[in-house]
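> Quick one: structure below, then a few questions.
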Amino acid sequence: MLRYERQRPGELIHVDIKALGRIDGVGHRITGQHRARGIGYEHLHVAIDDASRLAYVELLPSLAGKMPPVSSTGHWPGTPGWAPGVSG
Numbered sequence: 001m002l003r004y005e006r007q008r009p010g011e012l013i014h015v016d017i018k019a020l021g022r023i024d025g026v027g028h029r030i031t032g033q034h035r036a037r038g039i040g041y042e043h044l045h046v047a048i049d050d051a052s053r054l055a056y057v058e059l060l061p062s063l064a065g066k067m068p069p070v071s072s073t074g075h076w077p078g079t080p081g082w083a084p085g086v087s088g
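See the structure below:
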């Protein structure tokens with residue numbers, strides 16, 4: 001296994017999106033209803049800086065709005081300084 005380690009914050013950022021199914025009320029074992037409700041998903045967006053292990057997490061209602069791009073300073077809008085030391 002080849003290991004790597006980044007020294008400068010912002011040099012490598014891991015980004016992931018996970019779809020989480022919404023749960024509305026109790027399950028079919030209690031209610032007896034076996035049809036799908038189709039209430040959709042929420043999406044968990046995660047970004048982790050490899051050097052500092054600083055994490056940014058945001059839960060969004062859908063992918064329609066999409067994750068805002070990281071600016072040249074390494075910041076998401078509304079999160080000043082989340083990855084200190086990043087230069088554009």
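If you're matching positions, the sequence shown starts at 1 in UniProt numbering and goes up one per residue. Built from N, CA and C at the ideal position, the CB exists for glycine as well.
#1: Going by C-alpha to C-alpha distance, which of G40, Y41, A55 sits closest to A47?
#2: Can you give the Cα-Cα distance for V15 and H45, rounded to whole angstroms?
#3: Out of H43, A51, P61, state which residue places its alpha-carbon closest to the alpha-carbon of E5.
#4: My guess is that Y41 and G25 are in contact by the Cβ rule of under 8 Å, so how many angstroms apart are they, rounded?
#5: Please report how far the alpha carbon of Q7 lies from the alpha carbon of R53, in whole angstroms.
#6: Sort D49, I17, R35, G32 by Cα distance to P9 and report the nearest one.
Well, looking at it:
#1: In the sequence shown, the residue the question calls residue 47 occupies position 47. Checking every option, the nearest Cα to that of A47 belongs to A55.
#2: The residue you call residue 15 lines up with position 15 of the sequence shown. The residue you call residue 45 lines up with position 45 of the sequence shown. Computed Cα separation, rounded: 7 Å.
#3: Counted from its first residue, the sequence shown places residue 5 at position 5. It is A51 whose Cα lies nearest to the Cα of E5.
#4: As a first step, residue 41 is located in the sequence shown; it is residue number 41 there, counting from the start. As a first step, residue 25 is located in the sequence shown; it is residue number 25 there, counting from the start. Contact flag wrong, Cβ pair sits at about 17 Å.
#5: Taking the sequence shown and counting its residues from 1, the one referred to as residue 7 is at position 7. Taking the sequence shown and counting its residues from 1, the one referred to as residue 53 is at position 53. If you take the alpha carbons of Q7 and R53, they lie about 11 Å apart.
#6: As a working mapping, residue 9 is identified with position 9 in the sequence shown. Looking at D49, I17, R35, G32, the one whose alpha-carbon comes closest to that of P9 is D49.
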